[in-house]
Every structure is written in C-alpha cells, then in structure tokens.
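Working notes, beginning with the structure itself.
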Amino acid sequence: MQEFNLELMIKELEVLMGDKLRIGSDQFFAVLNIESNMLTVLMTKLRDEYGFNHLANLSSVDYGEEFELVYHLYSIPDNKKLLVKTRVPRTSAELDSLITIWPTADWQEREVYDLMGIKFKAHPNLIRVLLPEDFEGHPLRKDFVMGGRS
Amino acid sequence: MLESDIYTVNVGPIHPSTHGGLHAEAIMDGEIIENVIVHLGYVHRSVEKIAEGKTYQQYVPYTARLDYLATNLPVLGYCQAVEKLLGIEVPERAQYIRVIMAELSRIASHQIAISATGIDLGATTGLMYGMRDRERIMNIFEMTGGQRLLSSYIRIGGVAADIPDGFIPAVMSLVQDIPGMMDEYNGLMTGNEIWAARMQGVGILTPETAIQYGVTGPNLRASGIAYDLRRAEPDGIYHRFEFDIPTRNGGDSLDRWQVRIDEIGESGRIIEQALEGMPNGEISTRVPKVLKPEPGKEVYHRIESAKGELGYYIVSDGSSKPYRLHVRAPSFINLMVLPVICRGGVFQDLITNIATLDPILGESDR
C-alpha cells in the first residue's frame with residue numbers, strides 16, 4: 000500500500016468536492032469543513048479509500064444560528080487523524096446519519112439528538128438515549144432554560 | 000410442532016450483575032437471545048451541561064465521578080486536555096507521580112472487573128481476592144489525596160501535593176506482590192474447568208465488528224488488535240516506559256477476562272520504572288487562578304483509560320468556563336456492541352458478556 004500522505008489526500012478531495020469543501024487546520028488537527036449534504040460522500044471516501052476506520056468521537060456544538068457537528072476520525076493501527084466538521088442551520092437541524100458507514104455512530108447520534116436536538120436522516124432508531132422519553136427540550140442547547148423542579 | 004412465543008426478560012437497572020444502573024431488555028426466543036435492548040440514563044447527571052457553568056478548575060472533581068473505579072484516569076485525561084488547550088507544561092516529578100497514580104487506578108479497575116466477573120458467574124470467592132488486593136491501592140490513594148474512591152489528586156498543571164512519606168515503600172511492596180496476585184487469580188479461576196466453560200466461546204467479538212462499533216481498550220485487544228493509546232498516541236511521558244500490549248485472539252469472554260489480568264502485570268512494570276525514574280522537583284506548574292484559553296480554540300484529547308479510549312472534546316470561547324465540553328466515554332461506546340455479541344447465545348451468556356465488557360455506568364450515562 001502507498002504511504003499515506005495527508006496533503007495529497009486533501010488535494011484529491013479538493014478536486015473532487017470543489018467548493019463544497021473548505022480546508023482548515025488547528026494546532027492539533029487538519030480540519031475538513033464539508034457542506035452537510037456532501038457529508039456521506041466524503042465520509043465513505045475517507046473510510047474506504049483513505050483507511051479512516053475508527054470514528055472515535057461524534058459530537059456537536061451550539062453556535063446560535065447554526066449547529067456544528069464534529070467527527071474525530073482515526074485509523075487503526077496507523078494512527079493518522081483527521082477532524083471533519085459540518086454545519087446545519089438551527090431552523091432545520093437535520094443531516095444524514097453515518098450509521099451505515101460506522102455502526103458506532105448509532106448511539107452517538109442518538110445522544111446528539113437527545114441532548115442537542117439535531118435529527119439524523121435515515122437513522123433507524125432515533126430515540127433519546129440518556130434522558131427519559133417524556134423529557135421536554137434538549138439541554139445542551141444554549142437557549143435551554145435551566146431550573147429546578149417545582 | 001411446539002410453538003414458542005417471543006418474550007422479554009428485564010435485567011436491571013437494580014441488579015447486582017449490571018454493575019450500576021444498566022437496564023438490559025433481553026428479547027428471548029425460548030432460551031436463545033434474539034436481541035438485547037440496552038436502556039441507559041439511570042445515572043445521568045448531565046455532566047456536559049454542568050461543565051458549561053463551572054470554571055476549568057472547578058470541574059476537576061466532576062471528572063473523577065465518571066469512572067469511579069479508576070478515579071485518577073478520567074481526572075488525568077481532563078487535566079491533560081485543559082493543559083493542551085492552554086499550552087501548560089507539567090513538571091517532570093508530577094508526570095511520574097501521575098503515571099503511578101494512573102496505573103494504580105488501572106490495576107484497581109481491572110481487579111474490580113475480574114473479581115466482579117467472579118461473583119456474576121457464581122464464583123463468589125473470586126470477588127474476595129480482587130477486593131482484598133484492591134484495598135491496598137485504596138490505602139495508597141488515601142495517603143496522597145485523602146480520598147479513597149473519588150480522588151481529585153491530579154490537578155491542572157500537576158498534582159495537588161507532593162507524595163507523603165511511606166508512599167514509595169507502599170507502592171513498591173504492592174508492585175512486588177503483583178505477580179503473586181496474578182498467579183492467585185489465574186490459579187483460582189482461569190484454570191478452573193467450570194469457569195472456562197462459562198466463558199469460552201461466549202460473546203465472540205470479531206476484530207472487524209470491534210472496529211466498526213468503535214470498541215476500544217481491553218475489549219478490543221482481546222479481539223487480537225494491539226491498539227493501546229499509551230503506545231499509539233502516548234500522553235504525558237508514556238513513551239519512556241517499556242511495556243507489552245497483551246492481546247488474545249479469540250475475542251470471547253475468557254479472552255477479555257485474561258487480557259485484564261495480563262494488563263495488571265504490565266501496569267506493574269510501568270509503575271516499577273516510574274518509581275525508579277522519578278526525579279525530585281516541583282509537583283505543579285504555577286497556573287493562573289483564572290484560566291482563559293484563546294477564544295475559538297478547541298481540543299480533542301484522548302487517553303487509554305481502564306475501559307478504553309477516553310476522550311475530552313473542549314471548545315473555548317475565551318471565558319473562564321468551557322463553551323462546550325463533551326466526554327467520549329469508552330463504556331458508552333463499548334456497550335453498543337452488547338446486543339451484537341449476545342445474539343444467538345443463551346440467557347446466562349448475557350450476564351457473562353456484561354461482566355466481561357466491563358462497563359462503568361457513571362461514565363456511559365454521564
């Protein structure tokens with residue numbers, strides 16, 4: 000197998016995805032910002048062609064107008080890493096589920112749905128995972144009103 | 000032909016074999032498990048939301064309560080994540096103390112895992128040996144932080160205080176006794192035919208499934224994959240130590256159980272080297288009273304905890320409190336595979352599989 004080259008991979012993906020993909024980086028990760036409708040295409044490629052077989056972490060952040068989904072990808076055993084981010088508007092917080100690419104997305108997506116209220120299309124069992132079924136609201140949203148039970 | 004109905008058996012949340020508030024709903028076809036539905040959240044404390052209202056230092060004790068059986072490991076992971084975010088360097092002596100505390104926690108956690116498996120499968124005596132030896136580690140924790148179960152001895156920038164007199168001899172004598180302890184566990188249980196029969200071939204987790212489901216830690220290594228973050232992505236000073244990564248190839252319950260026993264020995268080796276190499280000096284960097292990372296900066300830091308890959312994802316908005324904090328809990332992710340490895344087995348295998356997956360509910364429910 001060819002030696003893994005992060006820059007080469009990014010170049011190839013840039014050609015393929017065009018303006019749907021913005022490349023960035025921080026101190027720790029190379030960051031791929033992808034438009035949410037292209038997420039599944041990108042992730043399938045990352046797993047099948049570039050060997051990112053370990054979706055370590057799937058989480059979300061509330062930025063007011065938009066939610067940001069973060070996916071920390073690694074590969075076992077090579078230990079290369081990548082951060083993929085995508086944003087969905089607050090008014091229609093919905094994007095594709097990754098459960099068919101990495102089954103480990105199952106409960107992690109349920110948790111994001113449970114605590115932040117983002118819906119995952121085609122998730123077969125999108126129900127709350129940590130909070131009771133009859134709980135109202137999504138506590139990790141910044142506009143969630145906290146208060147004790149009366 | 001006899002007709003059989005599908006019926007459900009609820010295990011937990013109040014049941015000794017569920018290791019905390021785990022509720023497993025087994026869908027049974029006769030004696031065969033068709034599916035297991037896992038219900039979580041019985042010990043949900045919303046630790047991620049709490050983090051948004053606490054300063055970085057105030058949050059340290061909350062992390063100890065994630066994995067209360069390996070208390071120093073989640074604290075270590077959190078402190079390192081914050082240090083990464085702020086670019087804080089930790090003094091050498093503190094690094095060594097941290098490694099000793101982390102590995103002692105790993106041993107304590109594995110001792111609970113293997114001895115609780117004993118009581119789950121009816122080998123009640125097995126519980127006593129693990130608990131007896133774990134007590135010595137609890138005493139060592141008490142010497143350092145004053146707390147036995149929920150120690151917040153590791154702090155951002157180093158550790159809370161220097162190790163007291165008597166710490167090193169106590170750790171040394173413990174380390175010397177580790178091979179004997181392992182022999183005892185092995186002699187008592189591993190070699191027992193009935194024990195092996197309850198575990199062998201039960202809950203087989205293939206390496207492919209393990210990776211697909213994000214399983215990490217001893218559970219992954221029992222499926223033959225030598226992936227350990229202390230080696231793959233060493234935090235702190237782990238790259239300085241010599242140790243092996245124990246693996247097994249079967250991926251069944253017995254393998255998961257044995258990997259943990261083997262890891263106790265490796266942790267002992269690491270502690271020995273850390274005791275030898277520990278220099279004198281500062282035990283903590285001078286850390287400002289109010290920590291304010293750069294706005295917009297974020298970090299994902301992961302360590303090899305006793306249960307697997309424990310990750311902290313922290314986003315800063317420049318204030319003294321995290322804008323967002325997410326815990327990637329290995330127990331949460333590992334439990335996802337429980338239905339997969341139970342399908343097609345008999346009911347008592349469910350108990351074996353819960354025990355050998357070794358989830359901790361404080362962490363999975365957060």
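Protein sequence lines correspond, in order, to chains H and P. Quick note, the first sequence lines up with residues 0 to 149 if you use numbering that gives the first Met the number 0. Quick note, the second sequence lines up with residues 0 to 365 if you use numbering that gives the first Met the number 0. C-beta atoms are modelled at their ideal positions from N, C-alpha and C, and glycine is treated no differently.
Top-ranked residue by Cα proximity to residue i, from the options
| i | options | result |
| --- | --- | --- |
| T85/H | E6/H, L5/H, E11/H, I22/H | I22/H |
| C341/P | D4/P, L349/P, V10/P | L349/P |
| T54/P | G317/P, Q199/P, A354/P, L173/P | G317/P |
| V201/P | L120/P, T215/P, K291/P | L120/P |
| G11/P | D4/P, A23/P, I5/P | A23/P |
| I36/P | I260/P, I353/P, S150/P | I353/P |
| Q347/P | M198/P, E207/P, F240/P | M198/P |
| R220/P | H238/P, N248/P, Y212/P | N248/P |
| R323/P | L173/P, V298/P, E33/P | V298/P |
| E30/P | V46/P, S3/P, G156/P, E47/P | S3/P |
| M142/P | L148/P, V158/P, D132/P, I162/P | I162/P |
| V336/P | V289/P, Y311/P, D251/P, G267/P | D251/P |
| D234/P | R131/P, E82/P, T124/P | E82/P |
| T70/P | S108/P, G40/P, E88/P, Y58/P | S108/P |
| I106/P | E134/P, Q56/P, I26/P | E134/P |
| P217/P | G165/P, P358/P, V314/P | P358/P |
| P76/H | Y49/H, D113/H, E108/H | Y49/H |
| E93/H | E65/H, V128/H, F28/H, I100/H | E65/H |
| I98/H | A121/H, G116/H, P88/H | A121/H |
| V289/P | T124/P, L75/P, G156/P | G156/P |
| A33/P | E303/P, G40/P, V8/P | Note that residue 33/P corresponds to Glu in the displayed sequence, not to Ala. The option with the nearest alpha carbon to E33/P is V8/P. |
| L294/P | I313/P, R301/P, L309/P | Here residue 294/P is Pro; the residue named in the question, Leu, does not match the sequence. The residue with the shortest Cα to Cα distance from P294/P is I313/P. |
| S241/P | R259/P, G276/P, I210/P, I332/P | Here the sequence assigns Glu to residue 241/P, which means Ser is not the residue at that position. Measuring from the Cα of E241/P, the nearest candidate turns out to be G276/P. |
Boundaries (first-last residue) of the alpha helix (DSSP H) holding residue i
| i | result |
| --- | --- |
| L360/P | 360-364 |
| F331/P | 329-334 |
| D28/H | Note that residue 28/H is Phe in the sequence shown, not Asp. Neither: F28/H is in no alpha helix (DSSP H) and is coded neither H nor E. |
| Y311/P | Y311/P -> not in any alpha helix (DSSP H); beta strand (DSSP E) instead, spanning 308-315. |
| V111/H | 104-115 |
| R229/P | 228-231 |
| H22/P | H22/P -> not in any alpha helix (DSSP H); beta strand (DSSP E) instead, spanning 22-28. |
| N218/P | 217-220 |
| K83/P | 71-85 |
| K10/H | 5-16 |
Assumed close pair residue i, residue j - CB separation to whole angstroms, cut-off 8 Å
| i | j | result |
| --- | --- | --- |
| A101/P | L65/P | So it is not a contact: roughly 14 Å between Cβ atoms. |
| V42/P | L356/P | Not really, about 17 Å apart at Cβ, beyond 8 Å. |
| E192/P | Y128/P | Not quite, the Cβ-Cβ distance comes to about 19 Å (not below 8 Å), so this is no contact. |
| K10/H | I33/H | Not quite, the Cβ-Cβ distance comes to about 16 Å (not below 8 Å), so this is no contact. |
| L139/H | K48/P | 6 Å |
| K306/P | P329/P | 4 Å |
Interface flag, residue i vs chain C, CB-CB below 8 Å
| i | result |
| --- | --- |
| G310/P | In the displayed structure, chain C is absent; the protein chains listed are H and P. |
Boundaries (first-last residue) of the beta strand (DSSP E) holding residue i
| i | result |
| --- | --- |
| P88/H | 80-88 |
| L72/H | 65-73 |
| A55/H | 53-62 |
| L20/H | 20-24 |
| N138/P | It is not in any beta strand (DSSP E) - N138/P instead sits in the alpha helix (DSSP H) that spans 123-144. |
| R247/P | Careful: R247/P lies outside any beta strand (DSSP E) and carries neither H nor E. |
| I193/P | That residue, I193/P, is in no beta strand (DSSP E); its alpha helix (DSSP H) goes 192-198. |
| L94/H | 93-95 |
| D357/P | Careful: D357/P lies outside any beta strand (DSSP E) and carries neither H nor E. |
| N34/P | 31-38 |
| E297/P | 297-303 |
| Y6/P | 5-10 |
Requested in this report: With 9 Å as the limit, tell me which residues of the stretch 13-36 of chain H have their beta carbon closer than that to any beta carbon of chain P; keep them in chain order.
Outcome: Hits within the stretch, in order: D25, Q26, F27, F28.
Query raised in the report: What residues in the stretch 125-141 of chain H have a beta carbon less than 9 Å from any beta carbon of chain P?
Result: Going along the stretch 125-141 of chain H in chain order, one finds R127, V128, L129, L130, P131, P138, L139, K141 with a Cβ nearer than 9 Å to chain P.
Query raised in the report: Residues in the stretch 34-60 of chain H with C-beta within 9 Å of chain P's C-beta atoms, listed in sequence order?
Result: Those would be N52, H53, L54, A55, N56, L57, S58, S59, V60, in chain order.
Query raised in the report: Which of the residues in the stretch 37-53 of chain P, read from start to end, lie with their CB under 7 Å from any CB of chain H?
Result: Correct list: L39, G40, H43, S45, E47, K48.
Query raised in the report: If you measure beta-carbon to beta-carbon, which residues of the stretch 281-299 of chain P are closer than 8 Å to chain H?
Result: Within the stretch 281-299 of chain P, the qualifying residues are K296, E297, V298, Y299.
Query raised in the report: Which residues, taken in chain order from the stretch 310-330 of chain P, show a beta carbon closer than 7 Å to some beta carbon of chain H?
Result: Correct list: G310, Y312, V314, R323, H325, R327.
Query raised in the report: Taking Cβ-Cβ distances below 7 Å as the criterion, which residues of the stretch 210-227 of chain P are in contact with chain H?
Result: Correct list: I210, Q211, Y212, G213, I224, Y226.
Query raised in the report: Which of the residues in the stretch 111-125 of chain H, read from start to end, lie with their CB under 8 Å from any CB of chain P?
Result: Result list: L114.
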